[in-house]
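Following: one structure in structure tokens, then a few remarks.
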Amino acid sequence: MVENGAPDTARAMTYGLTAATIWGAWPIVTSIGVTGTVPADLVTILRFLVSGLLLLPFAFRGRMTRTDWGRSLVLTFIAGAGYTFIVSNGVGLAPAAHGGLIIPSGVLVFSLLGSHFLLGDRLTTNRAMGAAIIIAGIGAIATARMGDGLALQGDALFIVGGMLWASYTVLLKYWKLDPLTATARISVLSLIVLLPFLPDAIEPLSAAPLGDVLLQAVWQGVMSSIVAGVLFGKAVSVLGAGRAAILNSLTPALAILLAIVILGDWPRPAEWLGLVLVVSGMAVALKVRKVAPAPLVAEAQKA
1 MVENGAPDTA RAMTYGLTAA TIWGAWPIVT SIGVTGTVPA DLVTILRFLV
51 SGLLLLPFAF RGRMTRTDWG RSLVLTFIAG AGYTFIVSNG VGLAPAAHGG
101 LIIPSGVLVF SLLGSHFLLG DRLTTNRAMG AAIIIAGIGA IATARMGDGL
151 ALQGDALFIV GGMLWASYTV LLKYWKLDPL TATARISVLS LIVLLPFLPD
201 AIEPLSAAPL GDVLLQAVWQ GVMSSIVAGV LFGKAVSVLG AGRAAILNSL
251 TPALAILLAI VILGDWPRPA EWLGLVLVVS GMAVALKVRK VAPAPLVAEA
301 QKA
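The opening residue of the sequence shown carries number 1 in UniProt numbering; numbering runs sequentially from there.
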């Protein structure tokens, strides 16, 4: 890790905390749309309509072989339109705070497993213990709404989303892909996949309040997809991956706080317990001097 002066460190921590806040707010902002006038399919279209056009110039950087584009197509279904549609539907079924807790938790657990088996990054005792604590936390969160079948379905979609994004981050490293180029190609290919659905989206988007549409377009396509990733990258360059990953472990707590402030959704006792277990599990899993999966966790929060 490179030591930097206090001003650089403070600035980097600000970048990292801002990125974590943007990612923590994602399920809350998405919930405002999918439970209001912008359902999950339109959220997905808006996200990639904006990010696909903005990132188009970056999609043609680097290697342009069939293999590279084939890999990008695989990642498109894992972390592009398919992923966004799944987790957005989850937000429509379960409390938004559940998404902010379960998705990053699932990403960390599945990333640790994927790194162990595919990347040869050994599953240490700390990581295994942390993963077990996180799984217990997810269980506690789910039990809080045991009588609500729709909430359980939403939680299941969040787990699937965590598994998909973990697969993306592991494959990103396994295939040695440039993160910005990969993100750009996923956004562009997702936009192409969604093009046939654009005509049907025009009428409902026109009927929705302009403010609702702009909120989703900006937050999904600019803030979450691009700005947060750039800020976190700057934080990593100064703080190192390990310290930056600790900042990202604050995302679940930020999601809970924002759900209270913005949505007025106070957690139940079991959800508070789940939050404590999830954050504790992340802290245990990341308590190593050289954190190999930390970039994977960072990428995971870009949803």
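Glycine included, every Cβ here is placed at the ideal spot set by N, Cα and C.
Work out the CA separation of residue j and residue i for me, nearest whole Å.
i, j, result
"Glu-22", "Met-282", "Here the sequence assigns Ile to residue 22, which means Glu is not the residue at that position. Distance between the alpha carbons of Ile-22 and Met-282 is about 19 Å."
"Arg-289", "Asn-126", "Per-residue confidence for Arg-289 stands at a pLDDT of 47, beneath the threshold of 50, marking its modelled position as unreliable; no derived number is given."
"Asp-8", "Thr-14", "10 Å"
"Ala-97", "Ala-25", "9 Å"
"Val-2", "Val-238", "Low confidence applies to Val-2: its pLDDT is 44, below 50, so where it sits in the model is not reliable enough to give any reading."
"His-116", "Gly-211", "45 Å"
"Gly-147", "Gln-153", "12 Å"
"Val-284", "Thr-18", "23 Å"
"Ser-72", "Pro-269", "42 Å"
"Arg-122", "Phe-110", "13 Å"
"Ile-138", "Leu-273", "10 Å"
"Ala-298", "Phe-232", "Any reading at Ala-298 must be qualified, since the residue scores a pLDDT of 48, below 50, and its modelled position is unreliable; the value itself is stated next. Approximately 8 Å, taken between the alpha carbons."
"Val-227", "Leu-247", "16 Å"
"Glu-203", "Leu-195", "15 Å"
"Arg-145", "Asp-155", "10 Å"
"Pro-199", "Ala-20", "35 Å"
"Leu-118", "Thr-124", "15 Å"
"Gly-36", "Phe-77", "26 Å"
Looking only at its chain, what residues have a beta carbon closer than 6 Å to the beta carbon of residue i, apart from the 5 residues adjacent to it on each side?
i, result
"Leu-46", "Gln-216, Ala-217, Gln-220"
"Ala-107", "For clarity, residue 107 is Val in the given sequence; the question names Ala instead. Here the set comprises Gly-162, Trp-165, Ala-166, Ala-300."
"Val-91", "Pro-27, Thr-30, Ser-31, Val-34, Gly-99"
"Phe-60", "none"
"Ala-292", "Low confidence applies to Ala-292: its pLDDT is 43, below 50, so where it sits in the model is not reliable enough to give any reading."
"Gly-62", "Asp-178, Thr-181"
Tell me which residues share the same chain as residue i and place their Cβ nearer than 8 Å to its Cβ, disregarding the 5 neighbours each side in the sequence.
i, result
"Ile-86", "Leu-157, Val-160, Gly-161, Leu-164"
"Lys-287", "Asn-126, Gly-130"
"Phe-197", "Asp-41, Ile-45"
"Arg-66", "none"
For residue i, which option in the options has the closest C-alpha, if you only look at C-alpha atoms?
i, options, result
"Phe-234", "Pro-7, Arg-11, Ala-6", "The identity of residue 234 in the sequence shown is Lys, whereas the question assumes Phe. Here the closest residue by C-alpha is Arg-11."
"Ala-140", "Glu-271, Ile-28, Val-284, Leu-55", "Glu-271"
"Leu-150", "Ala-253, Leu-93, Leu-42", "Leu-93"
"Thr-143", "Thr-84, Ile-102, Val-43", "Ile-102"
"Leu-56", "Ala-255, Leu-42, Ala-182, Thr-84", "Ala-182"
"Leu-54", "Arg-71, Lys-287, Met-223", "Met-223"
"Ala-208", "Val-38, Ala-20, Gly-16, Ala-6", "Val-38"
"Phe-58", "Leu-180, Thr-67, Gly-120", "Leu-180"
"Ala-201", "Tyr-83, Arg-63, Ala-40", "Ala-40"
"Leu-177", "Gly-70, Val-43, Gly-16", "Gly-70"
"Leu-257", "Val-193, Pro-95, Val-236, Tyr-168", "Pro-95"
"Asn-89", "Ile-262, Val-43, Val-276", "Val-43"
"Ile-192", "Gly-16, Met-64, Ser-51, Ala-20", "Ser-51"
"Tyr-168", "Ala-79, Gly-36, Ser-105", "Ala-79"
"Ser-225", "Ser-105, Gly-114, Tyr-83", "Tyr-83"
"Gly-16", "Gly-229, Leu-214, Pro-104, Ser-206", "Gly-229"
Within a Cβ cutoff of 7 Å, which residues of the same chain sit near residue i, ignoring the five residues on either side of it in sequence?
i, result
"residue 307", "For the chain, the structure presents residues 1 to 303; residue 307 sits outside this window and is missing."
"Ile-260", "Trp-266"
"Ile-262", "Ile-28"
"Ala-81", "Thr-44, Phe-48, Ser-190, Val-193, Leu-194"
Quick one: any contact between the region 177-187 and the region 126-142, if contact means 3 or more CB pairs under 8 Å? no
Quick one: any contact between the region 167-179 and the region 36-51, if contact means 3 or more CB pairs under 8 Å? no
Could you name each continuous alpha helix (DSSP H) segment of 4 residues or more that falls completely within the region 46-131, going from the start of the chain to the end? Listed in chain order, they are 66-79, 81-93, 96-118.
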